[in-house]
Amino acid sequence: MKRHHKNRIDVTDTKAQETLDPAGVGELATQVVITSSGNAKMTTETEYLDNKDADITNRHCYSVPLRLRGGCDDEGGMDYTESKNQSGDMGASGSQKRGPPSPGGQVTKLPRTIQANEMNDLIGWIELTVVQEKEKRKIGKDVAEKMLAKINRLRSVTQSLASDNSRLAGELKGKDEALQQSLTVFIDKLDAKNNEASCLKAELDLLKSTREVSRPVAIQQPTYASTTAKTAPRTAAAPVTTAVPPARSKRAAERDRTDKSRKVKAAPRFLIEIPQDVTVASAKSEIWQLVRTKCKNPKAKTIVSGKALVIIPDDANTLEVMRNIENVVEISPKKPRVIIYDVDGGVSKEELTECLLAQNTELGITAEDIDNTTPLHKLGPRNSDVVHWVVEVPPSVLTKIENKSLYIGMTRCRCKVHSSLPQCYNCQQYGHTATRCEKKSPTCRNCAGAHDSRTCNEEGVRCVNCKGPHKASSAACKSRSQAIRNLLRRTDFGQQ
Numbered sequence: 001m002k003r004h005h006k007n008r009i010d011v012t013d014t015k016a017q018e019t020l021d022p023a024g025v026g027e028l029a030t031q032v033v034i035t036s037s038g039n040a041k042m043t044t045e046t047e048y049l050d051n052k053d054a055d056i057t058n059r060h061c062y063s064v065p066l067r068l069r070g071g072c073d074d075e076g077g078m079d080y081t082e083s084k085n086q087s088g089d090m091g092a093s094g095s096q097k098r099g100p101p102s103p104g105g106q107v108t109k110l111p112r113t114i115q116a117n118e119m120n121d122l123i124g125w126i127e128l129t130v131v132q133e134k135e136k137r138k139i140g141k142d143v144a145e146k147m148l149a150k151i152n153r154l155r156s157v158t159q160s161l162a163s164d165n166s167r168l169a170g171e172l173k174g175k176d177e178a179l180q181q182s183l184t185v186f187i188d189k190l191d192a193k194n195n196e197a198s199c200l201k202a203e204l205d206l207l208k209s210t211r212e213v214s215r216p217v218a219i220q221q222p223t224y225a226s227t228t229a230k231t232a233p234r235t236a237a238a239p240v241t242t243a244v245p246p247a248r249s250k251r252a253a254e255r256d257r258t259d260k261s262r263k264v265k266a267a268p269r270f271l272i273e274i275p276q277d278v279t280v281a282s283a284k285s286e287i288w289q290l291v292r293t294k295c296k297n298p299k300a301k302t303i304v305s306g307k308a309l310v311i312i313p314d315d316a317n318t319l320e321v322m323r324n325i326e327n328v329v330e331i332s333p334k335k336p337r338v339i340i341y342d343v344d345g346g347v348s349k350e351e352l353t354e355c356l357l358a359q360n361t362e363l364g365i366t367a368e369d370i371d372n373t374t375p376l377h378k379l380g381p382r383n384s385d386v387v388h389w390v391v392e393v394p395p396s397v398l399t400k401i402e403n404k405s406l407y408i409g410m411t412r413c414r415c416k417v418h419s420s421l422p423q424c425y426n427c428q429q430y431g432h433t434a435t436r437c438e439k440k441s442p443t444c445r446n447c448a449g450a451h452d453s454r455t456c457n458e459e460g461v462r463c464v465n466c467k468g469p470h471k472a473s474s475a476a477c478k479s480r481s482q483a484i485r486n487l488l489r490r491t492d493f494g495q496q
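One point on numbering: in UniProt numbering, the residue at position 397 of the sequence shown is 397, and numbering is uninterrupted.
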């Protein structure tokens with residue numbers, strides 16, 4: 001704060017106390033004691049007041065800041081006896097003078113806000129100005145206007161505080177009422193639940209205390225009919241519970257179907273060629289009458305394959321009758337085939353059977369087994385150092401070498417059942433190759449059209465066997481899987 005060198009004002013003590021009434025209106029009391037020399041004079045009144053106004057705007061209007069009364073000062077009370085040092089109506093008769101609280105009293109500190117600070121500054125400026133002008137015994141026009149402006153500002157701040165306080169008090173009261181109502185509803189519900197739990201507990205105790213005593217069952221005397229009956233009386237059968245198998249993948253389901261096909265006992269088949277001038281129906285009727293003359297109740301399955309009939313007997317009597325009929329070709333079950341992987345390319349058929357007998361004695365392979373074993377053909381690249389041999393073996397040998405490791409020369413080879421079958425690339429059917437195909441017109445394996453597969457220009461693919469959206473040579477073809485299962489059913493795997 002700027003001060004003129006000819007005017008010195010010492011502010012020795014300033015105390016202010018702010019207390020808020022329930023309505024929110026602040027009551028401010030400020031006491032200022034100023035001692036100054038009697039002959040002090042101001043050189044420029046306007047310059048001094050302007051400096052004071054700037055200091056108030058910057059919130060440091062005093063060299064010693066105002067203090068709220070009741071701040072536990074240890075100093076004595078303020079002196080109000082000299083009328084020339086009193087400000088406002090503090091020195092008037094009938095005004096209430098408030099001294100500092102007793103040292104033992106409890107100090108209440110209110111939170112400081114921006115509006116409270118502004119009110120302190122405004123009131124402090126007014127009181128200081130009044131004191132200084134009173135010393136000069138003169139209050140100018142400019143000073144009076146500024147005092148009126150500050151008072152108006154003080155009035156608006158006070159009204160704002162009162163309005164905010166009233167609004168907050170109303171909101172707090174509404175929240176208290178809502179909370180009280182919610183708490184009442186919660187307590188009522190809790191009481192209802194407690195009463196319900198008490199009733200249930202009482203019922204449970206009553207049921208435990210009054211257990212129903214089982215009635216004695218009357219023993220029935222056996223009757224004459226029950227004693228003379230040959231069969232025992234029926235008893236209620238226990239319900240049969242079927243466990244639901246877990247979901248399996250498509251590959252696992254296909255593997256299960258393949259294993260099930262291997263367990264089917266292969267039976268001999270009989271092939272009957274139908275002449276060109278005879279219909280299929282008349283041929284079936286003729287064979288049926290012939291079999292009925294030798295067997296009263298024949299059991300067989302008949303399959304029509306082009307201009308031929310395939311008859312599969314289901315019992316021994318029908319099988320014996322079919323074997324005694326002329327012009328009927330018996331087709332025995334196929335022998336199992338295995339594939340031996342990674343055999344040296346220079347090993348011949350004779351060397352292969354010799355190595356099986358000589359190097360795998362721990363598997364129990366005998367010379368008789370080797371006599372019934374026939375190496376068929378090789379698989380794999382022609383110029384490769386290793387090949388895969390497809391060997392036809394009897395069922396007794398299959399149980400010894402399936403899924404085992406075989407020593408062939410200087411190599412240990414894997415052995416598995418060979419379940420694949422040839423496919424004709426002329427008609428795209430299974431069971432034969434193109435060299436033995438009887439059809440003259442080719443069938444495309446890409447689009448199922450009547451043209452060679454190598455000259456096909458169609459964009460879409462279609463299987464000629466299962467009509468699916470894939471090539472006829474696809475490994476995912478359903479017809480291919482069905483043909484493999486049929487091959488396994490016609491193969492004699494012995495006792496599984």
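We put the beta carbon where it would ideally sit given N, CA and C, even for glycine.
| Check | Outcome |
| --- | --- |
| Under 8 Å between the Cβ atoms of V280 and V304? | yes |
| Among P394, I312, K250, T293, whose alpha-carbon lies nearest the alpha-carbon of F493? | P394 |
| Identify whether E402 lies in helix, strand or coil by the three-state DSSP scheme. | coil |
| Determine the direct distance from the alpha carbon of F270 to that of A308, and round the result to whole angstroms. | 10 Å |
| Note down, one range per segment and in chain order, each beta strand (DSSP E) of at least 3 residues found wholly within the segment 310–349. | 329–331, 337–344 |
| Reducing DSSP to helix, strand and coil, say where R490 ends up. | coil |
| Would you list the one or two residues that DSSP bridges to L379? | H388 |
| Nearest to T435 by alpha carbon, out of P422, Q482, E330? | P422 |
| For the candidate residues I339, G460, T302, whose alpha-carbon lies nearest to that of M322? | T302 |
| Give me, in chain order, the residues of the same chain whose beta-carbon lies closer than 8 Å to that of K294; leave out the 5 immediate sequence neighbours on both sides. | V321, N324 |
| Quick one: residues in its chain with C-beta nearer than 6 Å to the C-beta of S419, no 5 flanking neighbours on either side, listed in chain order? | I484 |
| With three or more beta-carbon pairs closer than 8 Å as the criterion, would you say the segment 443–451 touches the segment 381–393? | no |
| Cα separation between S273 and V328? | It should be noted that the sequence gives Glu, not Ser, for residue 273. Going from the Cα of E273 to the Cα of V328 covers about 8 Å. |
| Which residue wins for smallest C-alpha separation from D369, given the options K400, T129, L406? | K400 |
| Given a cut-off of 8 Å, decide if I139 and E133 are closer than it, judged by their beta-carbon atoms. | yes |
| Around the Cβ of T455, are there at least 16 other Cβ atoms within 10 angstroms (buried) or fewer (exposed)? | exposed |
| How far does the beta strand (DSSP E) with A472 in it extend, from its first residue to its last? | Counting along the chain, A472 falls outside any beta strand (DSSP E), and DSSP gives it neither H nor E. |
| Taking just the CA atoms, how far does S474 sit from P442? | 18 Å |
| Give the straight-line distance between the Cα atoms of C415 and W288, rounded to the nearest whole angstrom. | 45 Å |
| G409 and V338: beta carbons closer than 8 Å? | no |
| The alpha helix (DSSP H) that contains V143, what's its start and end? | 141–209 |
| Just list the residues that DSSP pairs C413 with in beta bridges. | L406 |
| Considering just the uninterrupted stretch of the alpha helix (DSSP H) at T293, what are its terminal residues? | 280–294 |
| For Q423, does the three-state DSSP call read helix, strand or coil? | strand |
| By DSSP, does I274 sit in helix, in strand, or in coil? | coil |
| Alpha carbon to alpha carbon, what distance is there between P275 and V417? | 39 Å |
| Can you tell me which of the three DSSP states P442 falls into? | coil |
| Return yes when the Cβ of N465 is within less than 8 Å of the Cβ of Y407, no when it is not. | no |
| Using only CA atoms, which one of V131, V157, N165, P333 lies nearest to L488? | P333 |
| Please state the DSSP three-state secondary structure of I123. | helix |
| Among V157, D142, E145, V143, whose alpha-carbon lies nearest the alpha-carbon of D121? | V157 |
| Going by DSSP, what residue range makes up the beta strand (DSSP E) through A253? | Segment 250–263 is the alpha helix (DSSP H) holding A253; no beta strand (DSSP E) there. |
| Considering only DSSP beta bridges, list what A300 is partnered with. | P313 |
| According to DSSP, what are the bridge partners of R269? | I331 |
| Suppose the cutoff is 6 Å on Cβ atoms and the five residues either side in sequence are ignored; what does the same chain contact list for Y425 look like? | A434 |
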